[in-house]
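Working notes, beginning with the structure itself.
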Amino acid sequence: MAPPASPKPLRSDTERTVRAILEAGEQVLSANPAATMEQIAEAAGVARTTVHRRFASREALITALAAWATQRFHEAVEAARPQTAPPAVALYQVTANVLRVKTGWGFAMGALPTDAPRSPASTPTYSLSARSCSSACATPACSRPTPISTGRGASTTP
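The numbering used here numbers the first residue of the sequence shown as 654 and each following residue consecutively.
Rendered as structure tokens:
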């Protein structure tokens, strides 16, 4: 028996529409994890039927968003070149890249499902930490090389 054919690639206009829906889903669900498909469609600038044509259910949209988030995390790690950069530099860059991606994806990290929007007081600690770290790392102090102990009585700068 022949393996199933891979899905047909999307046309460029369809790809743009799906991306707009995913981006709107990211924004809307981050602000309100209980948001409806209609609210996501409105934010994407498309009809609700268009969202339903691309994603059969809210769960299908959330599954697609989680897959998209996973892909973005993978790209963030790869962009840091961990195989070729010095370890300390790679660790810093991977962390910075992942935090940039992660701050908008709280709903994909276990915040769903819920039946009510979260108040800022109940935002998960990791999300607050990520925002704090992102803003702290934008300071000049974070951009200066920091000596790292090599364990042999000497230190090196990444």
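Idealized CB from N, CA, C, for every residue including glycine.
A quick note: this is a predicted structure, and the numbers were derived from the prediction, not measured.
Following the DSSP letters along the chain, one finds residue 730 inside the alpha helix (DSSP H) bounded by residues 711–732. For residue 667, the uninterrupted alpha helix (DSSP H) run begins and ends at 665–684, by DSSP.
A straight line joining the alpha-carbon of residue 730 with that of residue 751 spans about 7 angstroms. Residue 753 and residue 665 have their C-alpha atoms some 27 angstroms from each other. Residue 751: member of the alpha helix (DSSP H) spanning 740–755, first to last residue. With a cut-off of 8 angstroms on Cβ pairs, the region 693–701 is in contact with the region 670–680, counting three or more such pairs. Looking at the backbone, the Cα of residue 734 and that of residue 745 are separated by about 11 angstroms.
Judged by DSSP in its simplified three-state form, residue 694 adopts helix. For residue 721, the CB contacts under 7 angstroms within the same chain, skipping 5 residues up- and downstream, are 675 in chain order. The residue from 742, 748 and 669 with its alpha-carbon nearest to that of residue 703 is 669. Annotation for residue 703: the continuous alpha helix (DSSP H) segment containing it runs 701–707. The C-alpha of residue 672 is placed about 12 angstroms away from the C-alpha of residue 708. The criterion of a C-beta distance shorter than 8 angstroms is satisfied by residue 688 and residue 681. Taking every protein chain shown into account, the CB of residue 725 has 16 or more other CB atoms within 10 angstroms, so this residue is buried.
Rounded to the nearest angstrom, the gap between the Cα atoms of residue 737 and residue 743 is 8 angstroms.
Each residue's CA atom was taken as its position, placing residue 706 and residue 732 some 33 angstroms apart.
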